[in-house]
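Protein sequence lines, in the order shown, are assigned to chains A and B. Sequential numbering from 10 applies to the first sequence in the working numbering. Sequential numbering from 10 applies to the second sequence in the working numbering. By construction, the Cβ of each residue, glycine as well, lies at the ideal position given by its N, Cα and C atoms. In this text, all values refer to a predicted model and were calculated from it rather than measured experimentally.
Number of protein chains: 2
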Amino acid sequence: MTQTGTGAAAQPNSFRTIKTEILRRIRDRVWQPGELIPGEEDLAREFGCARVTVNRALRELADIGIVERKRRVGTRIAEHPLREARLEIPVVRTEVEARGAQYRFSVLSRDEVEVPETLRARLELPPGAPVLHVRCLHFADNRPWQFEDRWINLAAVPDIAGQSFETVSPNEWLVRNAPFSEMENDLSAAGATTEEAEMLGVSRGDPVFVIERATWLLDQPITLVRMVHPSSYRMISRV
Amino acid sequence: MTQTGTGAAAQPNSFRTIKTEILRRIRDRVWQPGELIPGEEDLAREFGCARVTVNRALRELADIGIVERKRRVGTRIAEHPLREARLEIPVVRTEVEARGAQYRFSVLSRDEVEVPETLRARLELPPGAPVLHVRCLHFADNRPWQFEDRWINLAAVPDIAGQSFETVSPNEWLVRNAPFSEMENDLSAAGATTEEAEMLGVSRGDPVFVIERATWLLDQPITLVRMVHPSSYRMISRV
DNA sequence: GAGTGGTCTAGACCACTCT
DNA sequence: GAGTGGTCTAGACCACTCA
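Structure follows, in structure tokens:
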């Protein structure tokens, strides 16, 4: 009946309060992994709130893998909780500047070509589709930070054809002008190839951190990029 | 007035439909990055649905970084869209088996000790807190897959003290019995140390993929683990 | 068939922030 | 002060799944 009125802070009975309380019960072993917890209706009654509020709390906990929900069955504490981490994907420049270093980049090559077959298959592009191939080197305080080898689907991002990349890197231009909704990342450690070693100023075979990323907007491929970092690089995520 | 009745499928006017339509408008440049889009009220009128429904669609888009929302200002298409990737965190055994390989592991060492200072600071544990230190080697088809060096907060997970880890690895035991809500991951490439090289059957200095992970349940530290993989390892995420 | 989560509607108050 | 998003309530129908 009365208005609860939640804002940023967690008032009594907000979905945030309920989330925290559920986590508390899990931590204190009130509810064990695998256990079925009361239904939304019951919890709503217990917390004195609407069912939708409980629903949101439980949905968000399900989103991060803490609980599992099934219709007709109910909600149970996950036996294999939290299956995912979130990694931030910053613009290279921002990433460098955030570490207090000076950023600059240089474009090593730039070619408009028809899509090579391996790339075509990887991104599900039509045969002969025009793509832009760009290779860049990014620096932090004049030390090589990342070697970038990128392919861009010109059908999806026609405006990029007119870009000189003198002041704005392809990475940053894309991030600003070509939103995407789907992304695949493949992270690995590898030994530097001869070219990578030369670019990054390390020895051939030295460990490098490799990120290969493909992006789409709905089902339209945008770009595929391989980014290679020296082994001092750290990718950090907090969930 | 009428009931829309959405289920798994996206009926007209479900929050899913609205999400997709908004993505379509972004893809088709109806709305450009940086642009302010109509308010929830207007969109609700346009789509013929309740404001809450538009709110959920926009909230989920904001969650993945496609739009940015501010009170009093409105919702705009993000200029730096999608800042995060989600990485799945599987149980080692599952991960190995998913690749069609046979899994086994061996416990290299196991000690209950007082928390060392560096670890104490990292996890914000009280001085002298009891921790369990376990080192394991995980195999895929009898080839070394991962070298694991783990510290466990016994105050948070007392039951683990009685575990022999003969059949269930510490990793899997924790995943089954110790839910967590917060996690930090630090991914990097490194040269194998002498010990790591020996364990993984590679040469010293060879590239290895390193995951360092710390977990908490609410604010209680659970475990800190360093997992080292040979360079053939791939960490893949799809968003 | 019946119970549980999934989602929608309609209306409301609040919090933040810009002017 | 005013406008926009943030969230809550109350009630409802639907979809899925188990028995």
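In this structure, the straight-line span from the alpha carbon of residue 155 of chain A to that of residue 146 of chain A is close to 6 Å. Take residue 71 of chain B, set aside five residues on each side of it, and the residues of its chain with a beta-carbon closer than 7 Å to its own are 77, 78, in chain order. Taking a beta-carbon distance threshold of 8 Å, residue 193 of chain B counts as an interface residue toward chain A.
Residue 244 of chain B is bridged by DSSP to A:196. Across the segment 232–248 of chain B, CB contacts with chain A closer than 9 Å involve 238, 239, 240, 241, 242, 243, 244, 245, 246, 247, 248, in sequence order along the chain. Among the residues of the segment 206–229 of chain B, those with a Cβ less than 7 Å away from any Cβ of chain A are 216, 217, 218, 226, 227, 229, in the order of the chain.
For residue 123 of chain A, the uninterrupted beta strand (DSSP E) run begins and ends at 112–123, by DSSP. When secondary structure is reduced to three states using DSSP, residue 158 of chain B falls in the strand class.
For the segment 22–39 of chain A, the set of residues with a beta-carbon nearer than 8 Å to any beta-carbon of chain B comprises 29, 32, 33, 35, 36, in chain order.
Comparing C-alpha distances from residue 98 of chain B to each of B:240, B:239, B:224, B:241 shows the shortest one belongs to B:224.
Note that the C-beta distance between residue 200 of chain A and residue 197 of chain B is not below 8 Å. Residue 74 of chain B counts as buried, since no fewer than 16 other beta carbons sit within 10 angstroms of its beta carbon.
By the Cβ-count criterion, residue 158 of chain B is buried, with 16 or more other Cβ atoms from all chains shown falling within 10 Å of its own Cβ.
For the segment 168–192 of chain A, the set of positions with a beta-carbon nearer than 7 Å to some beta-carbon of chain B reads 184, 185, 186, 188, 189, 190, 191, 192 in chain order. For residue 71 of chain B, the uninterrupted alpha helix (DSSP H) segment begins and ends at 60–72. Contact annotation: residue 122 of chain B and residue 140 of chain B have beta-carbon atoms nearer than 8 Å. For residue 84 of chain B, the uninterrupted beta strand (DSSP E) segment begins and ends at 83–86.
When DSSP states are grouped into helix, strand and coil, residue 47 of chain A belongs to the coil group. The alpha-carbon separation between residue 55 of chain B and residue 44 of chain B amounts to approximately 18 Å.
In this structure, DSSP gives residue 206 of chain A a helical state, which the three-state scheme calls helix.
The DSSP-derived three-state label of residue 218 of chain A is strand. Under the 8 Å Cβ criterion, the segment 128–143 of chain B counts as touching the segment 214–234 of chain B, having at least three qualifying pairs. Sequence-distant partners of residue 34 of chain A (beyond 5 residues in either direction) whose C-beta falls short of 7 Å from its own C-beta, in its chain, are 40.
Residue 108 of chain B counts as exposed, since fewer than 16 other beta carbons sit within 10 angstroms of its beta carbon.
For residue 199 of chain B, the neighbours in chain A by C-beta distance under 8 Å run, in chain order, 198, 216, 240. Contact check for residue 178 of chain B against residue 218 of chain B fails: the beta carbons are separated by 8 Å or more. Residue 64 of chain B and residue 49 of chain B do touch by the CB rule: their CB atoms are close to 6 Å apart, below 8 Å. No Cβ-Cβ contact shorter than 8 Å links residue 31 of chain B with residue 85 of chain B. In this structure, residue 208 of chain B sits away from residue 125 of chain B, with a CB-CB distance that is not shorter than 8 Å. With respect to chain A, the C-beta atom of residue 75 of chain B has a partner C-beta closer than 8 Å.
When DSSP reads this structure, residue 79 of chain A sits in a beta bridge with A:83. Contacts between residue 42 of chain A and chain B, judged by CB atoms closer than 7 Å, involve 185, 186, 188 in chain order.
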